[in-house]
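**Q**
Residue numbers (the working numbering), protein chains in the order written: chain E, 20 to 136; chain D, 331 to 446.
1) Against chain D, with Cβ distances strictly below 9 Å, would residue 41 of chain E count as a contact?
2) At which residues does the beta strand (DSSP E) containing residue 63 of chain E begin and terminate?
3) Assuming residue 113 of chain E is part of the beta strand (DSSP E), what are its boundary residues?
4) Please work out which residues of its chain come closer than 6 Å, Cβ to Cβ, to residue 436 of chain D, disregarding the five sequence neighbours upstream and downstream, and give them in chain order.
5) Output needed in chain order: residues of the region 35-61 of chain E with a Cβ under 8 Å from some Cβ in chain D.
6) Can you tell me which of the three DSSP states residue 75 of chain E falls into?
7) Listing by chain order, which chain E residues have their CB less than 8 Å from the CB of residue 438 of chain D?
8) Which same chain residues, not among the five before or five after residue 67 of chain E, have their C-beta less than 8 Å away from its C-beta?
9) Using beta carbons (cut-off 9 Å, strictly below), is residue 124 of chain E in contact with chain D?
10) How many Å lie between residue 443 of chain D and residue 416 of chain D at the Cα?
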């Protein structure tokens, strides 16, 4: 059981380039999330998807777009990369969809370390 | 809106001594609270969770946390630190973001160092 799989693991981009981070989960989870992790700031939510076909902005959505391609896959796109987007990106999934507070575990991928020069 | 504050950015203990990582939260309703651990260059792993059942929650690797509503705290403890406990720990609260769905709000993390 692979859990949450992110690709690529490492990426270096030049300012202005575009790229898509891929994420897939095989646990039949409803919700999927993209976070970025920066030193001293914990993880901040970029976008989330409560169910297939829906996406919503999180705390720091500017400069990003997402696609919930199907129940398994949730991609994050940087249209024009900037040095401020240098970060470690984590995809996560959980079984809950819309409703009350999350009561079950969120499962995280191994992360994508992105450097924009 | 909910939030979580981790009171120490760095904690250093000696192997075999107790660990205390402090977390306070604010919540407009009954929260779900979690502790996650991240070892260097790894993803995040759930240590334990509180979801309105028992206030003392036991997790993996000997860790436990106590939910104290009166103090709005959810501190993480372990009686005896092991070298393998050296990692970054995140206190997390669930939030009904925008009134529509749930998401996780992370604290800024506590880096635990264990000295031999």
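Even glycine gets a Cβ: it sits at the ideal position worked out from N, Cα and C.
**A** By the coordinates alone:
1) no
2) From DSSP, the beta strand (DSSP E) with residue 63 of chain E extends over 62-68.
3) 106-113
4) 420, 422
5) 50, 52, 54, 59, 60, 61
6) strand
7) Here the neighbours are 59, 60, 61.
8) 50, 51, 52, 53, 74, 75, 77
9) yes
10) 5 Å
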